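S.K.: This structure is in structure tokens; I'll ask about it shortly.
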Amino acid sequence: MTAVFVWTSTSLFLMCCVLYNGCISFTNSERTVRKIELDKVCYKTCEVLVTYSSLFYTSCGWWGWSRCAKYKHGYKAKESSCSSYCPVNGGWSDYKSWSSWSSCDKSCGTGTKTRGRTRSCDNPAPKHNGKTCQGSASNTESVSCKLRECPIDGQWTSYNISSDWGACSVSCGEGTTTRVLSRSCTNPSPQYGGKDCIGGYTKTETKPCNDRECPVDGGWDTFEAAGDWGACSTTCGDGLQTRTLSRTCTNPKPKYGGKPCSGSATKTETTTCLLKYCVCGGNTCPVNGGWSSYTTKGVWSACSRTCNEGVQTLVYKRTCTNPAPQNGGLPCLGESTMNKTRSCMTIKCPEYVVMDPSNVIGTIGQVVKLNCLISPADAKWKSIKLVDKSLNKPTVDISNNGSVRSHNSRVAGSLESRADYVKAVFLFTLSRGSGVCSLVSEYTCTVEMADVNSYTITDQSSLDITAPPSNVKLGVQSYYNVSNKAVQTINCTADLGITSTVSLDLQIKVNGDFVDFEAFGGPPQWTVSNIRNDDCSEKVLALYSLPFVSEKMDNSELRCKATDSKYGTTLYSNVGRMIVKI
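Right, here's the structure in full:
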């Protein structure tokens, strides 16, 4: 701040100009003028420096001014009243309207959406070095939002044992046995468009088995000499001598109930001998016997089997007449007969297949079995197919080399061979989950024979699935009217297995106990839907049409009761109330 005062003796005029923060004041000896511009003026005491000059002069020189005029300069302090505009602090205006809500920040599941509003620091705006508004010029709020549930992909449960170990693949000796392990896609189940589990519902475990050792029939070892040759049958000329040969039933020994060796353990070996020549003459000399040529009547024996492949035999004979032994000559050595064999088949044995059982009712949570038995055991077959008749497509293929191919993850197949039959075994896993209901069908066991001239043989069976009741629910109107003549209803619903036999009843609470609602009206009318649920149950609706509504029914508790005689189970629905208007 600077104040300048100029004082002269001639004008006697004193002017004070005060500059303070843009505030300009003019002062003379008569009045003070201020420029305010509608702003509040604040007053305070301040110290100013006053500059003055004194001029002493004479009337010498031109126009009375002396060229040697002298000046006196100086300063002095003075207290004076001065003014300025007061500081104005800023103030917030009211918030503007909220903006629109933003989009949810998550495309699925629980997210957040926000909206905002703003205000201005102009009520009033800060002036003259006043403070600005404190706080934020904007305000936001958020709420939770959910556009849709996030897809949940299905996950497998752990495998559980669904069946006991099956029969050994062979009746004796080393074979294999199998059992089925099953799992379900419920850990968690796929929801809200999530992916189904990848892979099969079942897997087969295999381990070696040996129910019993196979019988080992005894076999002969080779003949060996049991002693020396005996004496020659003649003292001169050609004679015969014998020795005994023996063998043992050790190649192999009979074991595990096997048959002993057939035939004799010994035999006699004969050979010729000559001690010395005999002296003879004429017809008295010995003549040894000789074999004639083989001859046959050309008649084959009957076939060894009445059907399928057997063996025929043709017998050839020779005689010891070429020449016959004479005068003590030796007989012919060796067998007089020889057999020739060939294969034969009078007729083909009938080939057939039997499915066992012919009908099976499975229960959810079980593994059920269908068997396909092929006879005779030596039937030459190429493949066994289990065909779903409703789809006309194979469910399982088994080839004659034992390989198994399943087209349904809930169905497994295996092959068992016995002395009197061949059996294909099919295991159905009926655990709850997608696809189990599709197993309800008629099935055909189709056996394709290896002989192209043979017909394909078939038999069929059927599979149904039952389940205990579930999801029993009560449905009531929002209110009932005593004077309403239209039909007023109460309904009970339950999910049942296809072959379940369940009674579904409506009950009302009277004097603290639930009793059948029939005490108040006629019997219910049943309507059964034809649509199966995914777990092979079906929805059953019992619709109860009320013949009348009375005041005493008001605020009565109701429930539905489902009783399954097969499983011996009883389920109850939620409890509802009957509101009656008069």
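By UniProt numbering, the letter at position 332 of the sequence shown is numbered 332, and the numbering carries on one by one without gaps. Backbone N, C-alpha and C define an ideal beta-carbon position, used for all residues, glycine too. Values in this document were obtained by computation on a predicted structure and should not be read as measured data.
Anyone know if the C-beta pair for L496 and R559 falls short of 8 Å?
M.R.: Cβ atoms of L496 and R559: not closer than 8 Å.
S.K.: Which first and last residues belong to the beta strand (DSSP E) in which T321 is found?
M.R.: Where T321 is concerned, there is no enclosing beta strand (DSSP E), given that its DSSP letter is neither H nor E.
S.K.: What does the Cβ neighbour count give for Q155, buried or exposed, with the cut at 16 atoms within 10 Å?
M.R.: Flag for Q155 reads exposed.
S.K.: Please state whether DSSP places T284 in a helix, a strand or coil.
M.R.: T284 falls in the helix class under three-state DSSP.
S.K.: So is Y572 buried or exposed if we call it buried at 16+ other beta carbons inside 10 Å?
M.R.: It is exposed - the Cβ of Y572 has fewer than 16 other Cβ atoms within 10 Å.
S.K.: Any idea what DSSP makes of L147, helix, strand or coil?
M.R.: L147: coil per DSSP, three-state reduction.
S.K.: Buried or exposed for T58, going by 16 or more other Cβ atoms inside 10 Å?
M.R.: Legend: pLDDT at T58 = 45, less than 50; position of this residue unreliable, value from coordinates given subsequently. Classification of T58: exposed, given that the 10 Å Cβ count is below 16.
S.K.: Going by CA-CA distance only, name the one from Y256, L274 and E224 that's closest to T235.
M.R.: Nearest C-alpha to T235: L274.
S.K.: Which class does F517 belong to by DSSP, given the choice of helix, strand or coil?
M.R.: Three-state result, F517: helix.
S.K.: Can you tell me whether A486 is buried or exposed? The criterion is at least 16 other CB atoms within 10 Å of its CB, across all chains shown.
M.R.: With fewer than 16 other Cβ atoms within 10 Å, it is exposed.
S.K.: Tell me, to the nearest whole angstrom, how far the beta carbon of S441 is from that of S390; I am working on the premise that it is less than 8 Å.
M.R.: Sure, about 4 Å apart at Cβ, within 8 Å.
S.K.: Using the rule of at least 16 other Cβ atoms within 10 Å of the residue's Cβ for burial, across every protein chain shown, is D196 buried or exposed?
M.R.: Exposed, by the Cβ-count rule.
S.K.: Quick check on L546: does DSSP put it in helix, strand or coil?
M.R.: Strand.
S.K.: Taking T456 as the reference, give the member of T466, T444 and I465 with the closest Cα.
M.R.: The shortest C-alpha separation from T456 is found at T444.
S.K.: Kindly indicate which residue of E416, Y544 and A412 has the alpha-carbon position closest to the one of E205.
M.R.: Answer by Cα proximity: A412.
S.K.: Could you tell me the alpha carbon to alpha carbon distance between D397 and D420, rounded to whole angstroms?
M.R.: So the alpha carbons of these two residues sit roughly 22 Å apart.
S.K.: Give a yes or no on whether the C-beta atoms belonging to S414 and G258 are separated by under 8 Å.
M.R.: The answer is no: Cβ separation not under 8 Å.
S.K.: On a CA-only basis, which of G263, P215 and S438 is nearest N392? Give me that one, please.
M.R.: The candidate whose alpha carbon is nearest that of N392 is S438.
S.K.: Rounded to the nearest angstrom, how far is the Cβ of V540 from that of N481, given a contact under 8 Å?
M.R.: Contact doesn't hold; Cβ gap of about 28 Å is too wide.
S.K.: Judging by CA-CA distance, which residue of D564, C104, E551 and L370 is the nearest neighbour of V425?
M.R.: Nearest C-alpha to V425: L370.
S.K.: Compare the C-alpha of T250 against each of T157, E551, T222 and G237 and name the closest.
M.R.: Here the closest residue by C-alpha is T222.
S.K.: Does the beta-carbon distance from S138 to T112 come in below 8 Å?
M.R.: Cβ distance not < 8 Å, so S138 and T112 don't count as in contact.
S.K.: In whole angstroms, what is the alpha-carbon distance linking V298 and C320?
M.R.: Looking at the sequence shown, residue 298 is not Val but Gly. Roughly 21 Å separates the two Cα atoms.
S.K.: Establish whether the CB of S409 and some CB of chain B are separated by less than 8 Å.
M.R.: Given the protein chain composition of this structure (a single chain), no chain B is represented.
S.K.: Is the beta carbon of S142 less than 8 Å from the beta carbon of T110?
M.R.: Contact: no.
S.K.: With H, G and I counted as helix, E and B as strand and the rest as coil, what does DSSP make of L314?
M.R.: It is a strand residue.
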